[in-house]
Amino acid sequence: DTGVSQNPRHKITKRGQNVTFRCDPISEHNRLYWYRQTLGQGPEFLTYFQNEAQLEKSRLLSDRFSAERPKGSFSTLEIQRTEQGDSAMYLCASSLGDRDHEKLFFGSGTQLSVL
Amino acid sequence: GDSVTQMEGPVTLSEEAFLTINCTYTATGYPSLFWYVQYPGEGLQLLLKATKADDKGSNKGFEATYRKETTSFHLEKGSVQVSDSAVYFCALRPMYSGGGADGLTFGKGTHLIIQP
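In order, the protein sequences belong to chains A and B.
Residues in the first sequence are numbered from 5 upward in steps of one, following our numbering.
Residues in the second sequence are numbered from 1043 upward in steps of one, following our numbering.
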């Protein structure tokens, strides 16, 4: 097991295009999180899955953003009609266990640049 | 809403110096508190945590004590090494889940540079 894997590492797109990122969590982990991080800021929570169920969405997750985890394993985050303000590092994290004892393992992120 | 405030960096120290990175929080009740570290080119890693007042989290020579009275969770290390150079993030998880409360709230991060 090599940890949480995110693809692609970098994505450059033009404003108005759609982009999709993939996250492969640690295999036995049932919880999966998406965060967004901009330069000089800490990660901001976007959404969270327990197995295939999306249990929580931040108000930061506009209608242009959608996340899925269809079989409770990998997850995708899609951004439609990208805007320059979407430029950021998108981080995925996974964990195993109950809420009070969980430890999040983060991937290295996907850096999105919207031109 | 919940928030975390940590000292701005970069913080530059010489090897073997004493380290303190301040972190204070605003939250309802008794949140769980965390320090995460991001080494160059790597993903964030949990460094230590504390889940109730007066708990002390420790790992790799780092310590932080959950102080409810001052709403603080300052990170300390007695003697830093060059390999401790990284970005350190303080974070909290609210006391109650549900209603949008399971995600961590992070501070902005403090860049620590240790010079030999």
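For every residue, glycine included, the Cβ atom is placed at its ideal position computed from N, Cα and C.
Contacts with chain B (Cβ-Cβ distance below 9 Å) from the segment 26–47 of chain A involve R35, Y37, Y39, Q41, G44, Q45, G46, P47, listed in chain order.
Look at S1125(B) here: in three-state DSSP terms it is helix. If you draw a straight line from the Cα of K75(A) to the Cα of H33(A), it comes to about 13 Å. At a C-beta separation below 7 Å, L1088(B) has these neighbours in chain A: K107, L108.
Closest option to E1050(B), judged by alpha-carbon separation, among T1062(B), E1057(B), D1044(B): T1062(B).
One alpha carbon belongs to S112(A), the other to T1152(B), and they sit about 18 Å apart. With 16 or more other Cβ atoms from the protein chains shown falling within 10 Å of its own Cβ, V118(A) counts as buried. The alpha-carbon of L81(A) is positioned some 17 Å away from that of I30(A).
For G1071(B), the three-state secondary structure derived from DSSP is coil.
Excluding its 5 nearest sequence neighbours in each direction, S1074(B) has C-beta neighbours in its own chain below 6 Å: T1093, R1135, listed in chain order. Sequence-ordered contacts of the segment 62–96 of chain A with chain B read S62 [C-beta pairs closer than 7 Å]. A direct Cα-to-Cα measurement between L64(A) and G89(A) gives close to 12 Å. For L81(A), the enclosing beta strand (DSSP E) covers residues 79–83. Here DSSP, grouped into helix, strand and coil, assigns Q88(A) to helix. By the neighbour-count criterion, in which 16 or more other beta carbons inside 10 Å mark a residue as buried, R85(A) falls on the exposed side. Taking all protein chains shown into account, T1147(B) has 16 or more neighbouring C-beta atoms within 10 Å of its C-beta and is therefore buried.
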